[in-house]
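Student: Can you read through this structure? Questions will come right after.
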Amino acid sequence: MSVIGIDFGNESCYVAVAKAGGIETIANDYSLRATPSCVAFAGRNRVLGVAAKNQQVTNMNNTIGGFKRLLGRKYNDPHVQNELRKIPYKVEPRPDGGIGIRVNYQDEECVFSPEQITAMLFTKLKDDSFKELKAQINDCVITVPSYFTNAERQALLDAAGICGLNVLRLMNETTATALSYGFYKQDLPAPEEKARNVIFVDCGHSALQVSACAFHKGKLKMLASCADQVGGRDFDYALAEHFSNEFQTKYKIDPRTNKRAYLRLLTEAEKLKKQMSANSTKLPLNIECFMNEIDVHSTIQRGDMETMCAGSLQRIEATMKKLLKDSNLALEDIHSVEIVGGSSRIPAIKQLIEQIFGKTASTTLNQDEAVSRGAALQCAILSPAVRVREFTCSDVQAYPVLISWEDGTQRNEMKVFEQYHTAPFSRLLTVHRREPMTINVHYEPNSVPYPDTFIGSFHIKDIKPNANGDPQEVKIKVRINQNGIVLVSSATMVEKRESEEPVTPPATANGEQPAQTNSPQGEESPKTGEPMDIQEGSDDEQSRNDTTKSDNDNSGGGGSWTQRVSRWFTSSDKKKKVTTKSIDLTIDGKTHGFVSNDLSKYHELEMKMIANDRQEKERVDARNALEEFVYEVRGKIQEDGELSAYVEQDEASKICLQLEDIENWLYEDGENCERTVYKDKLLALHKQTEPIRVRCEEYNGHEQAFTELGHTIQLTYKAVEQIRAKDPKYDHLTETEILNITEAAQKAQKWYEEARSKLVNVRKTQDPPVKVADIRHENQTLATCTNSVLNRPKPKPPTPPADNNKDQQQNGGDQAKDQQQADQSTEAPKDFTEDKMDVE
C-alpha cells in the first residue's frame, strides 16, 4: 500500500509519493508530471487528463475545465455567475440550488455536479499512481486553498469519497508549501530560540495566496494567510481582450463572439505570457485560419502587458501588504521570501515582492511541485504504513466563526474562533438548558469573499430538566477538525443526583474514622439564558479542567476541616452525596455536502462508469486490432506484397474483396459493435489467412534449416576421418560406436538429398511436402547421436602393477629394517662375538 499527496489545482494536478528514498513526483501516461484538470466526454468514452485537454478545441461543449472554482457553491452565487462568463460548456441550476454541468455521454444528455467531475479527475490520478507504483492506493492527503470555506472543503471530501479515496487530511496549500520547505532544513532554530519567519508567495493559475510561517526545529506554525482571486489566467484574459480589440479594428472580426476562436486566442496568449517572462523584447503573435478563414498577426512586449494588467498587480500588492500587517512582522524579522506557483515567474510580481518585503524572491522550492511534495510528506507522517521523522504542523483558521442560538424570543450570539485561530482546535461551551436547543454556526459577516456565511445548523436533542424541574448542565464541543471544517462535534448533559448516607464517625486521636466531606455542587443552577462558560484546548485538557473544577467545588465552604466536621455532626446524622452522570446527546446536523444516500449513489455511478471505461477500452482495442489486421493483410497479399507469391491469384482477389467489405462495415454499421463481434471477425480472418502466412514462413525457413543440417553432416564426417586417422582424442572409441555415427551421417545425408529433391518442382502456392520442423528434427537427431559418442570422456587409466610391487617391497623393506633394529637391541653384535680380544 502506498500513500500519496495530491495538489489539486484549477489548471493542473500533481501527485507525489513518499518512498524510501524520499519524495517523488509521479508521471502520468504521457510521461508528464502535470495532469491537466480536464474531464471530457466523447461518445461512449470518458477522456481524462492530458487527452481531454488535447481535444478541448474540437470537443469544446463536452470538455470540462476550471471546475475547482465551482465546488461547494450555489448556482446563484455571484462568484459562480462571474465564472460562468468564462467557461464554454453548459451549466444550469439543479433542483437543490446547486450547479449542474450538462454534457453528452453515451449519446444521452447527462447532468453532473462539480463534485462528480472532480471525482472523475481523482479516478484518473489514482489510476496513474497505481500504474506507476504497482501498489494499491488508499490513503492520501489533498491540498486546498487556504481561503476555502466549509462548503468547498466538504465538497472536496465528497468528491474523494465518490472515487474511493481515503483522505487522511485536507491540507492548506500554504501549509503544504511550508512543510516541504522546513522538513529538510537542518539549521532551524531550537524551540527556546527565536523562530525563523519565512514568507511564502503562491501565485497560481486562478488565485494568489501569501502566508507567513514561523519555523522551529521539528515544527512549524502558520502565523497568517491572505488570499485573493487573482492569478495567471487574469493576465491571459487581459492579453486576449487586448488582441480582440485589435483584431476587431484591424481585421473586422471579434473573437469574443466565437467560443472556439476565443479559446484558441487564450491558448496563444498564455504561451506569449510565458515567453515574455524570460524576454523583454517585442514578441509576435501569429494564428492561422483564426476566424472566418483569416490569418491574424500582432506583436506585444512585456511593458505593454504590465500596463494592461495594472489592476491585477495592484490587487497582488494589496494582498501582500495585508499579510505583512496581519502577521505583525517587521521587515527585519523576515528571514526570506519563497515563491511557488507558475505565475510567480512573472517579473512584475518578483519586483513587488522585493518592494514590499525588502527581500529578493527565493526559488529554493520547486515552484510547480512544492505543494504536492508537502502533501505527500504530511500523508507519510499521518499514515501508519510509512515510517518518517515527526514534524508538527500548526495551521490557522482563515475566517472568524460565530455561533448563535435562540433563547425564547431572544437571540444570543458568540464568537468562538477569531481569525487566524490555531487549527485543529476544540472549544468547550457550557450552557444550562431545560429543553432541546439549536446552535447555528456561521462565519462573521463580510469576512468571507462569498455572500453565503452559513456553516451549519446543529439541533441537540434529549435535553430535559432534572427531577426538581431545574435546568441541567450541557457541555457542547465546537471543533475545527484537521480538515479545517468547523462543526459541533459532541454534546453531553451532566446529570446530578443527591442521595443521603449514614454518618461515619470522624477519626480522632483515639483512632476513630473522620467524616468524608462532599459538599453539593451548584446548589443553585444558573438560569436559562446566562452567558456560556468557555473552555478550550484538547479533550485531555478539558477533562483535567473539569476534574480540577469539581475538586475545587467539593472543597466546600470556609473554615478548617475540624470546624466543617463539627458543623456537619451538629446539623444532621446523615450526609448528602452528589453523583454525576454524563449522558451523550444526539446531534442532528444540517450542513454542506451530500447525505450518505446520495454519496453512495454517486459512488456506485462512478464505479459503473469506471467499468464502462474499461469495457469501452477493450472494445476500441478489439476494433483497432481488426482494422489494423485488415490493412496489414491486404498490403501483404496484393501484388509485390510479402505474401503474394504464396497465394493463388484467385484466392488473393477473393480475400481482398472480403477485407474491403470488412473495412466498409467498420466505418458504417460496425462502428459501435460489441467487442465479441470484432473478435469473431478477426478470428475468422486469422483462420483464412493463417495458412498463407505459415506457407511463407515454411518456404523462407527451408534454406536456413537445410544449411544447418548440412553443416552437422559435414562435422560428423570430419570427426569420423579424424577417428580413422588415429587421433589420440578419440582412441577410446570402439569400432561399433564409429560405425553407428557413420551410418547416422549417411542416413541423414540420404534424407537431406531426398528432401531437397521433393521441393524442386513444388510451387510456393502449395503446402511444402517437407516442413522446417522435419528438417530441424533430423538435424537434432544426428547431432544428438554424434555428440553422445564423440563427447564420451576417456576412461581413467588403471594403476600400473609394477608400481604396486615396488610399494609393497618398500613397505616390506621398511618392516625388515625395523625388525633388524629390534633384534640388535636384544642380541650382541656379530663382530663382538666372532672376534676375540687378545689379553696379556
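Taken in order, the sequence shown gives residues 169 to 1008; the numbers are from the working numbering.
We put the beta carbon where it would ideally sit given N, CA and C, even for glycine.
Every value quoted in this text rests on a predicted model; they were computed, and no experiment measured them.
I'd like to know if the stretch 946–956 and the stretch 879–893 are in contact, where contact means that at least 3 CB-CB pairs between them fall below 8 Å.
Tutor: Touching, per the Cβ criterion.
Student: Ordered along the chain, which non-local residues of its own chain (more than five positions away) have a Cβ less than 8 Å from that of Gln-322?
Tutor: For the purposes of this step, residue 322 is taken as the residue at position 154 of the sequence shown. Contacts found: Gly-240, Ile-653, Thr-759, His-760 and Gly-761.
Student: Within 10 angstroms of the Cβ of Val-763, are there 16 or more other Cβ atoms? Answer buried if so, exposed if not.
Tutor: On the sequence shown, residue 763 is found 595 positions in, with the first residue counted as 1. Classification of Val-763: exposed, given that the 10 Å Cβ count is below 16.
Student: Apart from the five residues just before and just after Phe-415, which ones in its own chain have a Cβ nearer than 7 Å to its Cβ?
Tutor: Translated into the one-based positions of the sequence shown, residue 415 becomes position 247. Closer than 7 Å at the Cβ level, and outside the excluded window around Phe-415, lie Ile-421, Pro-423 and Val-464.
Student: Quick check: Leu-451 and Thr-467, are their CB atoms within less than 8 Å of each other?
Tutor: Reading the sequence shown from its first residue, position 283 is the one you call residue 451. Reading the sequence shown from its first residue, position 299 is the one you call residue 467. Yes, they are a contact pair.
Student: If you run the structure through DSSP and keep just helix, strand and coil, what is Gln-882?
Tutor: Residue 882 sits at position 714 when you count from the first residue of the sequence shown. Helix.
Student: Just verifying my parser: in three-state terms, what is the DSSP assignment at Ala-852?
Tutor: Position 684 of the sequence shown, counting from 1, holds the residue named residue 852. Helix.
Student: So, at 6 Å on beta carbons, what are the nonlocal neighbours of Glu-704 in its own chain, with the 5 sequence-adjacent residues on each side left out?
Tutor: Within the sequence shown, residue 704 is the residue found at index 536, counting from 1. Its pLDDT being 49, under 50, Glu-704 is placed unreliably by the model, and nothing is read from it.
Student: Thinking C-alpha only, which one of Arg-212, Ile-891 and Asp-935 is nearest Asn-959?
Tutor: In the sequence shown, counting from the first residue as 1, residue 959 sits at position 791. Per the Cα distances, Ile-891.
Student: Could you name the residues of the same chain whose beta carbon sits closer than 7 Å to that of Ala-344, not counting the 5 residues immediately before and after it, in chain order?
Tutor: Stepping through the sequence shown from its first residue, residue 344 is reached at position 176. Cβ within range, chain order: Thr-311, Val-539, Gly-542, Ala-543 and Gln-546.
Student: By DSSP's criteria, Asn-365 is part of a beta bridge. Which residues make up the other side?
Tutor: Stepping through the sequence shown from its first residue, residue 365 is reached at position 197. Looking at the DSSP assignment, Asn-365 forms a beta bridge with Ala-382 and Ile-502.
Student: Would you identify the three-state DSSP class for Leu-596, choosing helix, strand or coil?
Tutor: Here residue 596 refers to the residue found at position 428 of the sequence shown. It is a strand residue.
Student: Quick one: give me the first and last residue of the alpha helix (DSSP H) that His-247 is part of.
Tutor: Locating residue 247 in the sequence shown gives position 79, counting from the first residue. Unbroken alpha helix (DSSP H) run through His-247: 246–252.
Student: Less than 8 Å between C-beta atoms, sequence neighbours within five positions excluded: which residues of the same chain meet that for Ser-205?
Tutor: Against the sequence shown, residue 205 aligns to sequence position 37. Counting only Cβ-Cβ distances below 8 Å, and skipping sequence neighbours, we find Phe-176, Gly-177, Asn-178, Glu-179, Ser-180, Cys-181, Gly-233, Gly-234, Phe-235, Lys-236 and Leu-289.
Student: Could you give the residue range of the beta strand (DSSP E) that holds Lys-643?
Tutor: One-based indexing of the sequence shown puts residue 643 at position 475. Note, Lys-643: beta strand (DSSP E), 640–648.
Student: Starting from the N-terminal side, write out each stretch of the alpha helix (DSSP H) that is 4 residues or longer and does not extend beyond the stretch 373–420.
Tutor: Runs found: 400–418.
Student: Nearest CA to the CA of Pro-552: which residue from Cys-308, Thr-902 and Gly-266?
Tutor: Position 384 of the sequence shown, counted from the first residue, corresponds to residue 552. Per the Cα distances, Cys-308.
Student: Based on Cα-Cα distance, which residue from His-589, Ala-478 and Leu-431 lies nearest to Thr-231?
Tutor: To locate residue 231, count along the sequence shown from 1; it is residue 63. Checking every option, the nearest Cα to that of Thr-231 belongs to Leu-431.
Student: Is the distance from the Cβ of Leu-388 to the Cβ of Asn-651 below 8 Å?
Tutor: Position 220 of the sequence shown, counted from the start, is the residue given in the question as residue 388. Position 483 of the sequence shown, counted from the start, is the residue given in the question as residue 651. Taking 8 Å as the Cβ cut-off, Leu-388 and Asn-651 do not qualify as a contacting pair.
Student: Using 8 Å as the cut-off, can you tell me whether the stretch 515–533 makes contact with the stretch 564–571, which would need three or more C-beta pairs spanning the two stretches below that distance?
Tutor: Touching, no, given that fewer than three Cβ pairs across the two stretches are closer than 8 Å.
Student: What are the boundary residues of the alpha helix (DSSP H) that Asp-1039 is part of?
Tutor: Beyond the ends of the chain as shown, which are 169 and 1008, falls residue 1039; an answer cannot be given.
Student: Distance check for His-410 and Lys-254, CA to CA, integer angstroms please.
Tutor: Along the sequence shown, read from residue 1 onward, the residue named residue 254 stands at position 86. Along the sequence shown, read from residue 1 onward, the residue named residue 410 stands at position 242. So the two alpha carbons sit approximately 16 Å from each other.
Student: Specify whether the stretch 215–222 and the stretch 316–333 touch according to this definition: at least 3 beta carbon pairs, one from each stretch, less than 8 Å apart.
Tutor: No: fewer than three Cβ pairs fall under 8 Å.
Student: Taking 8 Å as the cut-off, decide whether the C-beta atoms of Pro-633 and Arg-602 are in contact.
Tutor: Residue numbering aside, residue 633 sits at position 465 when the sequence shown is read from its first letter. Residue numbering aside, residue 602 sits at position 434 when the sequence shown is read from its first letter. Result yes, Cβ atoms of Pro-633 and Arg-602 sit closer than 8 Å.
Student: Is Glu-341 buried or exposed, if buried means 16 or more other CB atoms sit within 10 Å of its CB?
Tutor: The sequence position of residue 341 within the sequence shown is 173, counting from 1. Result: buried.
Student: Please state whether DSSP places Asn-792 in a helix, a strand or coil.
Tutor: Working through the sequence shown from its first residue, we reach residue 792 at position 624. In the structure shown, Asn-792 sits in a helix (DSSP, three-state: H, G or I).
Student: Count the CB pairs spanning the stretch 488–503 and the stretch 471–480 that are closer than 8 Å, and state whether there are at least three.
Tutor: At 8 Å Cβ cutoff, the stretches do not touch.
Student: By how many angstroms is the C-alpha of Glu-839 removed from the C-alpha of Lys-294?
Tutor: What you label residue 294 is simply residue 126 of the sequence shown in a count that begins at 1. What you label residue 839 is simply residue 671 of the sequence shown in a count that begins at 1. Cα to Cα, the separation comes out at about 31 Å.
Student: Just the C-alpha distance for Arg-470 and Asp-402, rounded to the nearest angstrom, thanks.
Tutor: Position 302 of the sequence shown, counted from the first residue, corresponds to residue 470. Position 234 of the sequence shown, counted from the first residue, corresponds to residue 402. Their Cα atoms are separated by approximately 15 Å.
Student: Within the continuous alpha helix (DSSP H) that includes Glu-456, where are the two ends?
Tutor: What you label residue 456 is simply residue 288 of the sequence shown in a count that begins at 1. That residue, Glu-456, is in no alpha helix (DSSP H); its beta strand (DSSP E) goes 451–459.
Student: What does the alpha-carbon distance come out to for the pair Leu-407 and Met-473?
Tutor: Locating residue 407 in the sequence shown gives position 239, where the first residue counts as 1. Locating residue 473 in the sequence shown gives position 305, where the first residue counts as 1. Roughly 7 Å separates the two Cα atoms.
Student: Could you please give me the residues that DSSP links to Cys-308 through a beta bridge?
Tutor: Within the sequence shown, the letter at position 140 stands for residue 308. For Cys-308, which the question treats as bridged, DSSP gives the partners Ile-172 and Val-335.
Student: Please state the DSSP three-state secondary structure of Phe-585.
Tutor: Taking the sequence shown and counting its residues from 1, the one referred to as residue 585 is at position 417. In the structure shown, Phe-585 sits in a strand (DSSP, three-state: E or B).
Student: With respect to the beta strand (DSSP E) encompassing Val-218, which residues constitute its N-terminal and C-terminal limits?
Tutor: The sequence position of residue 218 within the sequence shown is 50, counting from 1. Note, Val-218: premise wrong, no beta strand (DSSP E); alpha helix (DSSP H) at 218–222.
Student: Compare the Cα-Cα distances from Leu-811 to each of Asp-756, Glu-858, Leu-825 and His-610 and report the closest residue.
Tutor: The sequence position of residue 811 within the sequence shown is 643, counting from 1. Of the listed residues, the one whose Cα sits closest to Leu-811 is Glu-858.
Student: Would you grab the beta carbon distance between Leu-794 and Lys-849 for me? Rounded to a whole angstrom, and I think it's under 8 Å.
Tutor: As a first step, residue 794 is located in the sequence shown; it is residue number 626 there, counting from the start. As a first step, residue 849 is located in the sequence shown; it is residue number 681 there, counting from the start. Between Lys-849 and Leu-794 the Cβ distance is about 6 Å, and since that is below 8 Å, they are a contact.
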